[in-house]
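Basically our numbering = 1-based index in the sequence shown + 4. Notes follow once the structure below has been shown.
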Amino acid sequence: MTHQDRHHQQDPYRLGVPQAVPTTASAAGEGPNSVSRGDVLRTLLWAVVVLSAVANTALSFTGAAAPLHLASGVVTVLAAGTLVVRGLRGRR
5 MTHQDRHHQQ DPYRLGVPQA VPTTASAAGE GPNSVSRGDV LRTLLWAVVV
55 LSAVANTALS FTGAAAPLHL ASGVVTVLAA GTLVVRGLRG RR
């Protein structure tokens with residue numbers, strides 16, 4: 005193996021910016037740095053969990069009606085449950 009061959013090989017333990025590797029991905033969204041639908045959905049679910057939990061807390065401090073508490077609590081539980089189920093399915 006020549007010095008040039010060793011230079012072009014990828015070292016998985018090397019620190020720094022990885023060199024561009026030619027891929028066969030021809031369509032947009034198929035490259036190694038693309039964001040998948042699952043990533044977008046997970047981000048949206050986390051946003052829903054945080055926002056509904058904050059809304060529930062705000063409703064508690066303002067003394068809002070019980071149905072509003074229940075609605076925001078249900079939304080929080082459903083979004084968090086969906087995250088858990090997706091996480092467990094992803095491990096299989």
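Note that beta-carbon positions come from the ideal geometry of N, C-alpha and C, so glycine has one too. All values derive from a computational prediction rather than experimental measurement.
Any chance you could list the alpha helix (DSSP H) runs of at least 4 consecutive residues sitting entirely within the stretch 24-93, in chain order? 41-66
Given a cut-off of 7 Å, decide if Val44 and Ala83 are closer than it, judged by their beta-carbon atoms. no
Quick check on DSSP: helix, strand or coil for Arg95? helix
Is the beta carbon of Ser64 sitting closer than 7 Å to the one on Val79? no
Selection from Pro36, Gly42, Ala75, Asn37 that minimises the alpha carbon distance to Gly91: Gly42
Euclidean distance between Cα positions of Gly67 and Ala75: 15 Å
Residue from Gly77, Ser38, Thr86, Trp50 whose Cα sits closest to the Cα of Ala59: Gly77
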